[in-house]
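Here is the structure we will look at, set down as structure tokens.
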Amino acid sequence: MNETNHIYQPTRREMLRGTSCGFGFLALGGMLNAGTTYTNPLAARAPHFPAKIKRVIFLYMAGAPSQWETFDYSPELEKAGDKETSADPTGGPGKRNGKLMAPRYKFEPRGQSGLQISDRFPHLEKHADSLCILNGMHTDSAAHPQASLFLHTGSFTFVRPSMGSWTVYGLGTENQNMPGFITINPPNTGGAQNYGSAFLPAPYQGTPVNVGDDMVPNIKNPQMNAVDQRKQLDFLQTLNRQYKDKAKVDGELEGVIQSYELAFRMQSSVPGIIGIEKETDATKEMYGLNDASTKTFGTQCLLARRLAESGVRFIELGNDGWDHHNNLTQRMANNTKAIDQPIAALFTDLKQRGLWDDTLIVWGGEFGRTPTGQNGDGRQHNSRGFSMWLAGGGVKGGMRYGVCDPLSGAAVADKVHIHDLHATMLHLMGLNHDKLTYRYAGRDFRLTDVYGRVVTEILS
Amino acid sequence: MILKVLSLSFLALVSAIAADVKSPEPSMSRESLEFFEAKIRPVLSQQCYRCHSAEAKAAMGGFRLDTRDAIRTGGQSGAAVVPNRPAASLILKALRYEGPKMPPGGQLSNDVVSNFEKWIAMGAPDPREAEKVEWKVSTIDVKKGREFWAFQPVKKPTVPAGKNAWAKTDIDRIVFENYKAKGLTPVADADRRTLIRRTTFDLTGLPPTTDEVEAFVADRNPKAFEKVVDRLLNSPRYGERWGRHWLDVARFAESNGRTRNYLFPYAYKYRDYVIQAFNQDKPYDVFLQEQIAGDLMPSATEAEKKNRIVATGFLALGAHDLNEQDVAQYAMDVADEQINVLTRSVMGLTVGCARCHDHKFDPIPTTNYYAMAGIFRSTELKTGLERRPKNRVSYFQEERLITLPEEVIIQPTPEQIAARTELLAKKSDAESRLLQLQRRQAVDKVQATLQEIRGIENQLDKLPRGAVFAMGATDAKTMVSCKVNLRGDPHKLGPEVHRGFVEIATPDGMIVPEIGEGQSGRLQLAEWLTNKQSPLPSRVMANRMWYQLFGRGVVRTVDNFGKMGEMPANQKLLDFVAARFMDNGWSVKKTLREIMLSRTYQLGADYNEANFNKDPDNAANWRMSRKRLEAEAVRDSMLMISGNLTLTPPKETPVSRLPKQAPINIRFGKVVSRYENSATYRSVYLPILRGFIPLVFQAFDFPEPSETKGLRDITTVAPQALYLMNNPFVLEQAQGAAKHLLEKPLEDSKRVEFAFEQVYGRMPTNVELKQSLGYVRSSAEEASAAKKEQESWARLYQALFASAEFLNRT
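So the sequences go chain by chain: A and B. Residue numbering for the first sequence follows the numbering used here, starting at 1 and increasing by one per position. Residue numbering for the second sequence follows the numbering used here, starting at 1001 and increasing by one per position.
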């Protein structure tokens, strides 16, 4: 949106806003009190330093996928398979039998880089050279809800804003006709707090949608056509302008007027953005929309591409059911099948549309699983070592970073904590995680609390 | 009660701490240490640490055995080791496989077990210190800290003397003095229509009716405005609005939130208590006392007793992590939540910051935090929810509520009693089956049994219980004083601090109530807070009143009066109002009345360039600021104008009809939105489930109800516009208003006037009248002849509802 202040008078706040430090907090100050100027809280803002990427697509695999069957190749575990171990497969509650369990699937080197990926990803393996696999992830809890909150908000002790909310708070969003942070099919694990804005103002909270739902509430008038509604809006805006003129200097009222124009534009643009029916058959086929097993996640991925294209800042896609305590072999096959082709299609599509270089894709669960087996064909929770991967702009491809010890299950080298992941994601968006702060209850809060290291080793 | 002057108790505290900072085991002999190193440590480290140490992130059963403090603190079921008392030491039971069988891989030899027995009998000598986190005595100079304005006792300032033609009241004289200092001149007074709309919204959250507007405009009585203010203060609508302001700071919600978002089915009673307290103008000091220690206060009647128990719901409404595995951590988190909400809402202080270290900005040593934590550790919350219940079916347990003394109880019939007994037997049977299935890891059958148990519980819910429940606080069975948790870690302990208060908020010479051994200290805490010398509660509440009436607190950061908060724009003014508040017997109504009868409150909202250049934020109140209506006021006003508003409060809440036995999910969210769109009650009665607040609330900046938030954000975003343009609820209210309008035998121009007066409290200008008539005539050309008339007036109303003038009060 074009922010015009018809009567512009610089105030102390305005001048402060022009200074370089703490831009977010100060900009916000403007919108919290009736003042002279209207500051759209969602207007796109310059980052702290030039950004590598403009948006994030986060593929959240709720339930915590096993790294040993997906992206962590361990010949040692293959060899040690099904042996008693004195290793320390520490995880959450529950029984463990202390026997190592060999990976249920074969790994092969893929692509030019020879990156090892299990045979569960026949489509995604073609993009092996684009993947930056983090094998040394670790987090603070091995219980699903807590770890899910930790992954999303950097805390399970307190109610804190989601990383998507922080991102939109820091950068605003590029398309004022759409919410800045959308989460499609959010899993129950962690609940609404996963995408909540906590103490950040309400416009920064994520908009949860299920495939098939109204993606943007109240986007259509159930009674009036566009012509009649425009007529009503013209009358309304006349009243608004007269009211504003009476108030003389009042930027907030200008904001109200603009918000109606924006809402009206959204009504015509949003259905176009979220309607996938106009996509070609070839595209639908590519995303797996014609196959029952891939249809749901395929639709999510296709929507993600459309949202990315339209300038949405943070997009999360939820996929549930990775908590493989038993029947791992079969369930892993089902879960990976559901996401493999859709993710590969998303990669291809982003690349061919020139969106790849300014999009970061993040894949992973709230923690990983033990090298030891459970219930014959399952694995326990493991917060001390797991895998995620990044792909897209700003990160190296065909790379494996970090080591998880296949005997103890703990990350042992090039470890990346969730706080580090957050710091790195913000860094790629041009935000310094130390400086992206919000003052609340007398303290400046950060997504990374007092932690976080940008993992420079994986940056391209 | 024994009373002590603070300076003495402070010295006592310091010396107590100094005495506590000593090497805790000076008497360990060489032989006893050797025994530990040879016989005990190897077993612990080889057999136990895997699951019971700092390394094991989630210590099983909450037990950690890797430090001396931890092994003696214990977990869910008690201390692992009680020095000198083998029989009381759980570790021996476990090693003998009596009860929990540890280690699970196989029982250790009798030799090992008897070594442990011997070691405990020796006094369990144990050199294992927690990882070195040093305890340091605070360097905060509390005495010097008290020089800060907010920590000085409230003294009523002298009102500027001399003739002042402009001023109506003492408040005006103080405000006027500040105008002069800043070179400002007040704008003209508000006209009567503006004033009655302002006053009616401020006191009731609703617009005045056209009759009320006309009557005030025509009233030539010099006390006309006083009459309006008194009428509104006496309206039950007042408590519904001002009670809601308090609910914002009390982080009121009807579900737990967090990882296990179960319902608080009886939270509504606290909400109703708050509304009633404001309507009855309960003195604020009593209001606070009841919420902190109502269960401990003597009551004259059963009704009062009941009310005071319900009031303690304030402490119990927090968002707790019911899935926390570490018992000690959970207990401290629950205490922390109460410290946060209490100190921020009542004192405007962030005492919670002193949990891990001395407060970085305010002079609050961490020992003060643990003095308060002891009070809440000696308090038991009855929320109805259990942390990690053993059967893992439902976190909701009726036994975890307070049973109220109630006048009328629906007694169950003999058949219902029999049915209950039968269901309870079935439930207990299913639960024991469940435990077996869980042991066998029979996943599918576990799920089926869980379903079965939930079903039984839902049936149980439908039977009358013969009891009435509430959430609230009671004293715990044993009183504890907390040890400082070094860096906030409940397993790394520093010196013990006796239960007490925040020293910085006790001015020199103020008498501090002593907390006796058998007392939690809540009663004393309430007494300490509501002492008239207590510098913060009166100021903080006076400032909240000012904020609600003027759109800006005298201290703009209404929840933070510390160093990181803002300084008062006019301290004399704030202190005057705070002093009058106490003079008025802590009456909120009297204080509001006094403020509203000032000329300052009755000023117009006109722009003035010279003033604006000097004070653009209107910190000095040279005019009345425009204020955006809150979500509740927007919704309620539309309901009122449409004629659909139901003024009788609902008997309970839709929450009581939802299943209590399962966590809230997206389906509950749909129930909330359906209710939001169909219920015609005032918005304060809509369900507030954490994570699923009504959509209109989300759109219009309703505060996230997990933490104190006294200052609502005001944002202007497109979803608000979309809501007003397209939401079926809004369309329905516009239709309702149009229908009623058309029932009046009026010409069209009179109809426009009536609608404007309903929505804006004023008549349209000639230009607006022409514009509106023009719009009505052309707005619904496509509608069928039968519907056309109502449709076109409905569209006019909708445009008025969507307009900035309706959404604001000046």
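We treat Cβ as the ideally placed atom computed from N, Cα and C, and that holds for glycine. Bear in mind that the values here come from a model prediction, so they are computed numbers and not experimental data.
Exercise. Note down, in chain order, each residue of its chain lying with its Cβ closer than 8 Å to the Cβ of B/A1505, except the 5 sequence neighbours on either side.
Key: For this step, residue 1505 of chain B is matched to residue 505 along the second sequence. Closer than 8 Å at the Cβ level, and outside the excluded window around B/A1505, lie F1151, M1347, L1349, S1534, P1535, L1536.
Practice problem: In angstroms with no decimal places, state the Cα-to-Cα distance between B/D1126 and A/V416. | Solution: Within the second sequence, the letter at position 126 stands for residue 1126 of chain B. Within the first sequence, the letter at position 416 stands for residue 416 of chain A. Approximately 36 Å between the Cα atoms of the pair.
Quiz item: Which whole-angstrom value is the C-beta distance of A/K54 and A/G394, which I expect to be below 8 Å?
Solution: Here residue 54 of chain A refers to the residue found at position 54 when the first sequence is read from its first residue. Here residue 394 of chain A refers to the residue found at position 394 when the first sequence is read from its first residue. About 10 Å; that fails the 8 Å criterion.
Quiz item: If you drop the 5 nearest sequence neighbours on each side, which residues of the same chain put their C-beta closer than 7 Å to that of A/R96?
Solution: Mapped onto the first sequence, residue 96 of chain A falls at position 96. A caution first: A/R96 carries a pLDDT of 42, below 50, which makes its placement in the model unreliable, though a value can still be read off. Result list for A/R96: P89, T370, T372, Q374, Q380, in chain order.
Quiz item: For A/I57, which of helix, strand or coil comes out of DSSP?
Solution: The residue you call residue 57 of chain A lines up with position 57 of the first sequence. Three-state DSSP puts A/I57 in a strand.
Quiz item: So is A/G24 buried or exposed if we call it buried at 16+ other beta carbons inside 10 Å?
Solution: By one-based count along the first sequence, residue 24 of chain A stands at place 24. Low per-residue confidence applies at A/G24: pLDDT is 32, beneath 50, and the placement is therefore not dependable, though the value from the model is reported in the following sentence. Buried.
Quiz item: Would B/S1778 count as contacting chain A if we go by Cβ distances under 9 Å?
Solution: Mapped onto the second sequence, residue 1778 of chain B falls at position 778. Yes, because at least one Cβ of chain A sits closer than 9 Å to the Cβ of B/S1778.
Quiz item: Which runs of the alpha helix (DSSP H) spanning at least 4 residues fall entirely within the region 1275-1346 of chain B, listed in chain order?
Solution: 1284-1293, 1302-1311, 1313-1316, 1327-1342
Exercise. Round the Cβ separation of B/C1048 and B/P1083 to the nearest angstrom and send it over; I've been treating them as touching at under 8 Å.
Key: In the second sequence, residue 1048 of chain B corresponds to position 48, counting from 1. In the second sequence, residue 1083 of chain B corresponds to position 83, counting from 1. B/C1048 to B/P1083, Cβ: 18 Å. No contact.
Self-check item: First through last residue of the alpha helix (DSSP H) which encompasses A/M101
Solution: As a first step, residue 101 of chain A must be located in the first sequence, where it is residue number 101. Neither: A/M101 is in no alpha helix (DSSP H) and is coded neither H nor E.
Self-check item: Endpoints, alpha helix (DSSP H) assigned at A/Q258
Solution: Locating residue 258 of chain A in the first sequence gives position 258, counting from the first residue. That run of the alpha helix (DSSP H) goes 251-274.
Self-check item: Buried versus exposed call for B/P1764 [16 or more other C-beta atoms within 10 Å across all chains shown]
Solution: Start at 1 with the first residue of the second sequence, and residue 1764 of chain B comes out as number 764. With 16 or more Cβ atoms within 10 Å of its Cβ, B/P1764 is classed as buried.
Practice problem: Report yes or no: is there a C-beta of chain B within less than 9 Å of the C-beta of A/R439? | Solution: As a first step, residue 439 of chain A must be located in the first sequence, where it is residue number 439. Interface residue, yes.
Quiz item: Sorted by chain position, which residues of the same chain lie with C-beta nearer than 8 Å to B/D1583's C-beta, five sequence neighbours on each side aside?
Solution: Sequence index remark: in the second sequence, residue 1583 of chain B carries index 583 (1-based). Excluding residues within five positions, the ones whose Cβ falls inside 8 Å are K1156.
Exercise. Quick one: give me the first and last residue of the beta strand (DSSP E) that B/V1484 is part of.
Key: Numbered from its first residue, the second sequence carries residue 1484 of chain B at position 484. 1482-1485 is the extent of the beta strand (DSSP E) around B/V1484.
Quiz item: If B/M1332 and B/F1501 are in contact, beta carbons under 8 Å, what's the gap, nearest whole angstrom?
Solution: Within the second sequence, numbered from 1, the residue matching residue 1332 of chain B stands at position 332. Within the second sequence, numbered from 1, the residue matching residue 1501 of chain B stands at position 501. Incorrect: roughly 18 Å between the Cβ atoms, too far for contact.
Quiz item: Who are the near neighbours of B/P1160 in its chain, counting only those whose CB is closer than 6 Å to its CB and skipping five residues on each side?
Solution: Indexing the second sequence from 1 puts residue 1160 of chain B at position 160. Only R1173, E1177 meet the Cβ criterion.
Quiz item: In or out: B/E1415 buried (at least 16 other Cβ within 10 Å) or exposed?
Solution: Taking the second sequence and counting its residues from 1, one reaches residue 1415 of chain B at position 415. Its Cβ having fewer than 16 others within 10 Å, B/E1415 is exposed.
Practice problem: Name, in chain order, the residues that DSSP records as bridge partners for B/C1051. | Solution: Translated into positions along the second sequence, residue 1051 of chain B becomes position 51. Its beta-bridge partners do not exist; DSSP assigns none.
Quiz item: Excluding sequence positions up to five away, which residues of its chain have a Cβ less than 6 Å from the Cβ of B/D1285?
Solution: Looking up residue 1285 of chain B in the second sequence gives position 285. Once the five neighbours on either side are set aside, the close Cβ partners of B/D1285 are T1530, W1586.
Exercise. Report all residues from its chain with a CB closer than 7 Å to the CB of B/R1556; omit the five preceding and five following residues, and keep chain order.
Key: As a first step, residue 1556 of chain B must be located in the second sequence, where it is residue number 556. Excluding sequence neighbours, B/R1556 sits near E1566.
Quiz item: From the beta carbon of A/P203, is the nearest beta carbon of chain B less than 9 Å away?
Solution: On the first sequence, residue 203 of chain A is found 203 positions in, with the first residue counted as 1. It does; some Cβ of chain B falls within 9 Å.
Self-check item: B/Q1771 at chain A interface by Cβ criterion, 9 Å
Solution: Counting from 1 along the second sequence, the entry for residue 1771 of chain B is found at position 771. Yes - at least one Cβ of chain A is within 9 Å of the one on B/Q1771.
Exercise. With 9 Å as the threshold, decide whether the Cβ of A/P217 is near any Cβ in chain B.
Key: Counting from one through the first sequence, the residue named residue 217 of chain A turns up at place 217. A/P217 counts as touching chain B.
Quiz item: Quick one: which chain A residues come within Cβ less than 7 Å of B/Y1097?
Solution: Start at 1 with the first residue of the second sequence, and residue 1097 of chain B comes out as number 97. By Cβ distance, chain A contributes nothing, its closest Cβ being about 17 Å from B/Y1097, past 7 Å.
Practice problem: Could you tell me if B/Y1273 is buried or exposed, where buried requires 16 or more neighbouring beta carbons within 10 angstroms of its beta carbon? | Solution: As a position in the second sequence, residue 1273 of chain B is number 273, starting the count at 1. Buried, because 16 or more other Cβ atoms sit within 10 Å of the Cβ of B/Y1273.
Exercise. Could you have a look at B/M1638 and say whether DSSP puts it in helix, strand or coil?
Key: By 1-based counting over the second sequence, the position of residue 1638 of chain B is 638. The answer is helix: DSSP assigns B/M1638 an H, G or I state.
Quiz item: Where does A/G136 fall in DSSP's three states?
Solution: Walking along the first sequence from the start, residue 136 of chain A turns up at place 136. Reduced to three states, the DSSP call for A/G136 is strand.
Quiz item: Given a threshold of 16 other Cβ atoms within 10 Å of its Cβ, counted over all protein chains shown, does B/D1429 qualify as buried or as exposed?
Solution: Taking the second sequence and counting its residues from 1, one reaches residue 1429 of chain B at position 429. Per the 10 Å Cβ criterion, exposed.
Quiz prompt | Own chain, CB closer than 6 Å to A/P342, minus 5 neighbours either side, in chain order | solution = Taking the first sequence and counting its residues from 1, one reaches residue 342 of chain A at position 342. Only Y287, G288, T294, F297, G298, C301 meet the Cβ criterion.
Self-check item: Closer than 9 Å to chain A by CB, B/K1709
Solution: Along the second sequence, one-based indexing puts residue 1709 of chain B at 709. With 9 Å as the cut-off, B/K1709 counts as an interface residue toward chain A.
Quiz item: What does A/F156 reach in chain B if we use C-beta pairs closer than 8 Å?
Solution: Counting from 1 along the first sequence, the entry for residue 156 of chain A is found at position 156. T1259, D1321, listed in chain order.
Quiz item: Which residues, in order along the region 1527-1561 of chain B, keep a beta-carbon less than 9 Å from a beta-carbon of chain A?
Solution: G1551, R1552, R1556, T1557, D1559, N1560
Quiz item: Going by Cα to Cα distance, which pick from B/C1353, B/V1540, B/V1696 is closest to B/R1487?
Solution: Taking the first residue of the second sequence as position 1, residue 1487 of chain B is located at position 487. Among B/C1353, B/V1540, B/V1696, the Cα nearest to that of B/R1487 is on B/C1353.
Exercise. Compare the C-alpha of B/D1321 against each of B/A1569, B/Y1238, B/T1259 and name the closest.
Key: On the second sequence, position 321 is the one that residue 1321 of chain B refers to. The option with the nearest alpha carbon to B/D1321 is B/T1259.
Exercise. Output, in sequence order along the chain, the residues in the region 238-254 of chain A whose CB is closer than 8 Å to any CB in chain B.
Key: T238, L239, N240, Q242, Y243, K244, A247, K248, V249, D250, E252, L253
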